[in-house]
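Residue numbers (my numbering), protein chains in the order written: chain V, 83 to 551; chain X, 274 to 373.
As structure tokens, then:
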């Protein structure tokens, strides 16, 4: 019998990964840090036409874009004269299982089926679980979803419990765990036990599947609106949403669209803390994932993440929990669209950013997600109250994650706050330098880090000197 | 009495607290890694017994039997009156007349 201690299983990680993703990532290594990202994406994913065909055959993609005229009018009340861009939303909740994650799952599960795997496994507490379960159902594959769901008092996040229900409704087996990064340990054990495909969120399939979203945006706006959006705001956690969307826009020739990442500010809460787990009102789309994954994408469940958001983001802003709940209510009561709060993170940001753009400019929120019991403002806010979080009206900037949720006293108080991209770039370079000695960084590695950070090689060199000096 | 073939929920410890990953924060290190999984009961048992179940994918898992025909207990939550306030104020801001 094999040794299943935490250390022993983690030591088998590379072999388990190779067998379960079908990619030998080491063939893409170029330097001691760098790897050929574009080559990996080219060799291991599908061309745009084929992905669109795969997706349309399983109820994924071609989601509508909707102009939010009432929200735009509201934003203009508070914008300087001449400002207040037109706000649009892409209704990704219209996908098969209710979120843009269907795009990722559709390519990953199609690929698993093609390679002859009997089943698929994904480690996720988010909408991706339902997406993989939905696609597995279509292709007749077994499916296991591994969730981080409960604290040590067996109290579960309502939003995650709802996702478990949805996965089970779609025929998946759900394995629920208490808080902790060892979810990955159980995930590896399950891959080993079953021999199923690792439908990782971060494989090239998982990211390429989102490229159709960016591509569709360009096509739809040219056709239905007559011009491209000036700014696209993406809710950012693991970085796949932003990466895939930006890559798709580029493939459609839309190189000048400004790409903005938006996350819910959960600073101060530790993501692996048993005590903090139920003190947050958002289980994804927050800085607890967004910031670490942006500054080091390769912390995911595959050796090289295909989600590399820092390569594509022009800005990264945060909004508060209270602001997102408020805008979720606004979307329902002013636009007649009731959607899940987490997906509206980028909408809260867009409402604020619209006032920086001219009236004839366009800002697009590129997703919505399904809503239901457990996964909407009321159950999430009443859960917060149960856990001793103060809910009140006031200035959202006074919100303290884990202690309060502050609903804006009025819409003018919704303000996206910029993160310093230079700090994130520096942090990425610092993380890279943990892999090698400074004197081992080759020209190839420097060029790679320049691409990762969108800096010049000379600037990367300067950063390295600062960090190691 | 829970019977063979019943659909049940079991609970187990995946890692004892001393077996947890080195990087987990102090409070999490104080508690074990727990697991909940559903499946078909393979032999008659009482609530609280150690049992083996066959999951949907045909795997065997063992743990303590905690519920037969497990119920989804998440809901639409307690009423949050602040949301009514937000809705009414937003509609008024866009020119809706307040109702007498």
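Each residue gets a CB set at the ideal place from its N, CA and C atoms; glycine is no exception.
Checklist entry - alpha helix (DSSP H) containing residue 220 (chain V): first to last residue? => result 209-221
Next on the checklist: Which residues of the segment 289-311 of chain X have a Cβ closer than 8 Å to any Cβ of chain V? Give them in chain order.
Outcome noted: 292, 293, 294, 296, 297, 298, 300, 301, 303, 304, 305, 306, 307, 308, 309, 310 and 311
Next on the checklist: What would DSSP say about residue 373 (chain V), mapped onto helix, strand or coil?
Outcome noted: helix
Checklist entry - Does DSSP put residue 284 (chain X) in a helix, a strand or coil? => result strand
Item to check | Residue burial classification, residue 185 (chain V) (beta-carbon count within 10 angstroms, cutoff 16) | outcome: buried
Item to check | C-beta neighbour in chain V for residue 351 (chain X), strict 8 Å | outcome: yes
Next on the checklist: Could you pull the DSSP bridge partners for residue 226 (chain V) from this structure?
Outcome noted: V:203 and V:255
Next on the checklist: Counting only Cβ pairs nearer than 9 Å, list the residues of chain V close to residue 328 (chain X).
Outcome noted: 226, 255 and 257
Checklist entry - Along chain V, in chain order, which residues have C-beta atoms closer than 8 Å to that of residue 344 (chain X)? => result Neighbours of residue 344 (chain X) on chain V: none; closest Cβ ~10 Å, over 8 Å.
Checklist entry - Hey, residue 228 (chain V) and residue 265 (chain V): beta-carbon distance below 8 Å or not? => result yes
Checklist entry - So, residue 477 (chain V) versus residue 495 (chain V), is the Cβ gap smaller than 8 Å? => result yes
Checklist entry - Could you give the distance in angstroms between the alpha-carbon of residue 260 (chain V) and the alpha-carbon of residue 103 (chain V)? => result 26 Å
Checklist entry - Using DSSP with H/G/I as helix, E/B as strand and the rest coil, what is residue 347 (chain V)? => result coil
Checklist entry - Between residue 356 (chain V) and residue 301 (chain X), is the Cβ-Cβ spacing less than 8 Å? => result yes
Checklist entry - Among the residues of its own chain, which have a CB less than 6 Å from the CB of residue 285 (chain X), if the five just before and after it don't count? => result 308 and 336
Checklist entry - Taking DSSP as the reference, what is the three-state secondary structure of residue 526 (chain V)? => result helix
Item to check | Sequence-distant residues of its chain with Cβ nearer than 7 Å to residue 205 (chain V) (five each side left out) | outcome: 228, 265, 266, 269 and 383
Checklist entry - Run through DSSP, which three-state label would residue 330 (chain X) get? => result coil
Checklist entry - Cβ of residue 403 (chain V) less than 8 Å from any chain X Cβ? => result no
Checklist entry - Rounded C-beta distance between residue 458 (chain V) and residue 483 (chain V)? I'm assuming under 8 Å. => result With 8 Å as the limit, residue 458 (chain V) and residue 483 (chain V) do not qualify as a contact, their Cβ atoms being about 20 Å apart.
Checklist entry - My guess is that residue 292 (chain X) and residue 87 (chain V) are in contact by the Cβ rule of under 8 Å, so how many angstroms apart are they, rounded? => result 7 Å
Next on the checklist: Strictly by DSSP, which residues pair up with residue 316 (chain V)?
Outcome noted: V:343
Next on the checklist: Helix, strand or coil for residue 325 (chain X)? Go by DSSP, reduced to three states.
Outcome noted: strand
Next on the checklist: Less than 8 Å between CB atoms is the rule here; does residue 489 (chain V) satisfy it with respect to chain X?
Outcome noted: yes
Item to check | chain X contacts made by the segment 430-457 of chain V, where a contact means CB separation under 8 Å | outcome: 455 and 456
Item to check | Beta-bridge partners of residue 490 (chain V), as assigned by DSSP | outcome: V:476
Next on the checklist: List, in chain order, every chain X residue whose beta-carbon is nearer than 8 Å to that of residue 88 (chain V).
Outcome noted: 288, 292, 293 and 294
Checklist entry - Which residue comes first and which comes last in the beta strand (DSSP E) that contains residue 195 (chain V)? => result Note, residue 195 (chain V): premise wrong, no beta strand (DSSP E); alpha helix (DSSP H) at 183-197.
Checklist entry - Beta-carbon separation of residue 537 (chain V) and residue 114 (chain V) under 8 Å? => result no
Next on the checklist: Quick check on residue 340 (chain X) - is its C-beta less than 8 Å from some C-beta in chain V?
Outcome noted: no
Checklist entry - Going along chain X in order, which residues have a C-beta closer than 7 Å to the C-beta of residue 357 (chain V)? => result 300
Checklist entry - From the beta carbon of residue 415 (chain V), is the nearest beta carbon of chain X less than 8 Å away? => result yes
Checklist entry - Could you give the distance in angstroms between the alpha-carbon of residue 153 (chain V) and the alpha-carbon of residue 169 (chain V)? => result 7 Å
Checklist entry - Using Cβ-Cβ distances below 9 Å, what residues of the segment 295-316 of chain V are close to chain X? => result none
Checklist entry - chain V partners of residue 285 (chain X), CB-CB under 7 Å? => result Going along chain V, no residue has its Cβ under 7 Å from residue 285 (chain X), so there is no contact; the nearest lies around 10 Å.
Checklist entry - Using the beta-carbon count (16 or more within 10 Å), is residue 338 (chain V) buried or exposed? => result exposed
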